[in-house]
Structures are given as structure tokens and as C-alpha cells.
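>
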């Protein structure tokens, strides 16, 4: 494939791809298995996990707002590597605390936000810079490789958590962190530091009347609901239904295999057009509605099957469009790339914060009715997510 040839010739793309793939594995551990372990420890009380996420998204938002100037005018790669090092320290802390994570959940949430903020503030900018013109293929290849490595790790994490073997998990995380940091050493930014002063307000004035950028930020808002809140809700349902982290690991592995197939077929056969997005949206909405009527093993598996085949297409399309829109505006690339990422993450994290505050409120009632109301809210997010993407013009280069 042409994309693989490009990767071979570009050490920066290799470094970014590798670091992002390892990050996805670590993310899977923290945002799937840690949630499962957390709600098991708290006897399915998801109020604390809601606060954990709210504080983590506040941490991400503050990191982007405070360090935007540093990334633009000093060093992107330094911030990128700091995020990787702190990520290892964070996960090691979680592994060592074990059951005490329910005591220190507020600190862990905010710390996690700072870690993610450091990593993604620099990573998004670097991806825009180094994958210009090949962003659609970059997202697809990254997604397929990430899903491939996720075939094995879910079962490893599931067995480890089930056996409470956190020292074993720490060893796995150590190896992954070393690999991730090694990939980051391939990324350089000597020529990428901007001499133009960081100017968020100036950038907002520049894109104020740009409809494509407005829609892109709407996609970020819906992304916070669909790819974060909904994922947490489904993880809670899986644990409630299947009871063990080992079962969660097996299911995650199976669904990762299906996601690889979905992304591969979509990459080769289809364009990101309104019909494809409409079909994906309709199937996802129907699968969530099925859960509203009956929560059992069959409906949970059906939802995850649909998510593996169709939600992955929606999320990949959204990620590609976000990078593509920026790369179509040379002035943004040259002068406002960091400002764009800060603004995009502001919309995304405000959406996440509001979503998880609502989840916290629902948790106070400890009633399945309010949980289902959150599912309805997430379903509306899927519709808005798809509609926003349909509003954007597609081109021949916008294939996944």
C-alpha cells in the first residue's frame, strides 16, 4: 500500500504512528478495564467514576489552555515526551494503589487529565504537520494496526485484573511505555517551532465566519458524547451483564477483530459519503434503542457488534475530517495550528465535562431509569455526530 511506503520513508510518521498505537493500548486499559475494576470495587456505584472523568477532562482543558504558547513557540516534541513519561508514572501509580484507587480517585482523575493534555496537545499538532495530504490514510492505517494489537491485550489485561495481579500489569505497562518513548525519539520538531506569537483570540476572529470550522467544532462536541460517555455507559453494562473482567477481555478481543475488518473494507471499497454515514448512524441508533428496551447479554453483544462495524467508521471519519479541514487552510497550518487544537479541545472537553456531570447526577438516583435517560442522551449524540459530518463537503481525498 502507498501509505506503508510513505511511512517507511518518514521517521516522523513512524514515530507518531507507533506512539499513538501504544497510547491506544494504554487508553484501552484505563478507559475500559480500569472502569470495570472501579465499578466492581464500588458495587456498581458510578458516581465516583463520573467525578474521576470530570476532573480528568478539566485537567486536559487547563493543560491545553496553559501550555498552548509553550507548544507553539518552544517545543512540541518535549511536551510530547513529557506526556509519555508522566503516562507511565500515572499507570504505575494506579497499579500500585490497587483497591485504594477508590480513595484517591479525585487526584488520579486530575493527574490523568494533565498527562493526556500534554500528550495530545503536542501530538495533534505534530500529526497535522507531518501527515498533511495523507491524513485519511494515516487515520485508517493507525486504526487497523491499533485494532490488531488490541486482539491480544484485552485478554491479558482481563486475566491480570481478574487475578488482581497488578505487579504483572505494571511490568506490561513498563515495557509498553519504553516502546512508546522509543517511538517518540523518532519525532523531531526543529523546523516546526513557530516564530509567530500565540494568539487564540486572533485565531477565533479569523475563523469566526468559516462554516467548515464551525461544523468541525460541532463534531468535537458530539465526539465527547459518543466516543467517551457512551463508551463508559457500555462498559458499565458489559460488567453488569457479564460480571468479570476476563469476559470483558474476550469480548473486546472479538470486537477488535471485527473493527479491523470494518476499517479495511471501508478503506478499500467506500467513500466517506452521506449514504455511508446515514447507514452507520441508523444502525447505531437502533442498537442503542434495543438496549433501552432490554438489557441482557444478547442486546449488549448486538450493540458491541454494531459499534465494532459501524461506530468505528463514524469515529474514523470524524477524526479524518478534523485533520483534513485544517490542512485545507494554509494560513491555519502556517500561523494558527496550535490555536486550532486548543480551541478544538476546548469544545471537546467542555462537552465531556457536561456529559459526565449529567452521568454523576444520574448516579445519585441509583435507578436504571436514569441510566437509560443517559443512553437516550448518547443516542441523540450519535445523530448529531453523523449529521454534522454529513454537512461537510466530501472530496476524492476524503476516503477512509
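Numbering (the working numbering), first residue to last: 18 to 417.
Glycine is no exception: its CB is placed at the ideal position from the N, C-alpha and C atoms.
Pairs of beta-carbons, one from the stretch 241-249 and one from the stretch 394-411, closer than 8 Å: are there three or more?
yes
> Have a look at residue 215 and residue 362 and give me their C-alpha separation to the nearest angstrom.
16 Å
> Could you work out which residue in 106, 65, 100 is closest to residue 191 when comparing CA atoms only?
Closest option to residue 191, Cα to Cα, is 106.
> Examine chain B for any beta-carbon lying closer than 8 Å to the beta-carbon of residue 255, and answer yes or no.
Absent from the structure is chain B; it holds one protein chain and no more.
> Report yes or no: do the stretch 116-129 and the stretch 68-85 share at least 3 C-beta pairs separated by less than 8 Å?
Yes, the stretch 116-129 is in contact with the stretch 68-85.
> Could you compute how far the alpha carbon of residue 382 sits from the alpha carbon of residue 390?
12 Å
> State the CB to CB distance for the pair residue 220 and residue 353, rounded to an integer number of angstroms; the pair is presumed to be in contact (CB under 8 Å).
4 Å
> Where does residue 203 sit, in a helix, a strand or coil, going by DSSP?
If DSSP states are grouped into helix, strand and coil, residue 203 belongs with coil.
> Taking just the CA atoms, how far does residue 90 sit from residue 300?
Near 45 Å, if we compare the C-alpha coordinates of residue 90 and residue 300.
> From the DSSP output, in three-state form, read off residue 216 for me.
It is coil, neither helix nor strand.
> Using CA coordinates, which residue listed in 58, 328, 98, 379 is at the minimum distance from residue 199?
98
> Specify, as a first and last residue, the run of the alpha helix (DSSP H) that residue 109 falls within.
93-114
> Are residue 370 and residue 128 touching if we call contact CB-CB under 8 Å?
no
> What does a CB cutoff of less than 6 Å around residue 314 pick up in its chain, not counting 5 residues either side in sequence?
258
> With distances taken from CA atoms, which of 196, 64, 306, 118 is nearest residue 43?
Closest option to residue 43, Cα to Cα, is 196.
> What's the gap between the Cα of residue 409 and the Cα of residue 293?
14 Å
> Can you tell which of 58, 72, 136, 243 has its C-alpha closest to the C-alpha of residue 114?
58
> In or out: residue 388 buried (at least 16 other Cβ within 10 Å) or exposed?
buried
> Considering residue 325, what are the terminal residues of the alpha helix (DSSP H) in which it resides?
First-last for residue 325: undefined, no H or E at that position.
> Is residue 37 helix, strand or coil when you go by DSSP?
helix
> Could you tell me if residue 347 is buried or exposed, where buried requires 16 or more neighbouring beta carbons within 10 angstroms of its beta carbon?
exposed
> Should residue 144 and residue 322 be called a contact, given that it needs their Cβ atoms to be closer than 8 Å?
no
> Is it the case that the Cβ atoms of residue 291 and residue 392 are separated by a distance below 8 Å?
Result no, Cβ atoms of residue 291 and residue 392 do not sit closer than 8 Å.
> Which value, in whole angstroms, describes the spacing of the CA atoms of residue 79 and residue 325?
Those two C-alpha atoms are separated by around 32 Å.
> Tell me, please, whether the stretch 302-318 touches the stretch 335-344 by the rule of three or more beta-carbon pairs shorter than 8 Å.
no
> The alpha helix (DSSP H) spanning residue 237 covers which residue range?
For residue 237, the enclosing alpha helix (DSSP H) starts and ends at 228-241.
> Quick check on residue 409: does DSSP put it in helix, strand or coil?
coil
> If I measure Cβ to Cβ from residue 230 and keep anything under 6 Å in the same chain, skipping five residues before and after, which residues do I get?
224
> May I have the straight-line CA-CA distance separating residue 374 from residue 27, to the nearest angstrom?
42 Å
> Excluding sequence positions up to five away, which residues of its chain have a Cβ less than 7 Å from the Cβ of residue 413?
For residue 413, the pLDDT reaches just 39, beneath the cut-off of 50, and the residue's location in the model is therefore unreliable, although a value from the coordinates is still provided. Closer than 7 Å at Cβ, skipping near neighbours: no residue.
> As a quick exercise: from 302, 228, 308, 298, pick the residue whose alpha carbon is nearest that of residue 255.
308
> So residue 111 and residue 118 are in contact, right, with Cβ under 8 Å, and what is the actual spacing, rounded?
6 Å
> Which residues in the same chain as residue 217 place their Cβ atom closer than 8 Å to its Cβ, once the five residues preceding and following it in sequence are excluded?
85, 356, 359, 360
> With distances taken Cα to Cα, identify the nearest neighbour of residue 341 among 142, 45, 29, 134.
142
> Only counting the same chain, and skipping five residues up and downstream in sequence, which positions put a Cβ closer than 6 Å to that of residue 81?
Excluding residues up to 5 positions away in sequence, 134, 138, 359, 362 lie with their Cβ nearer than 6 Å to the Cβ of residue 81 in the same chain.
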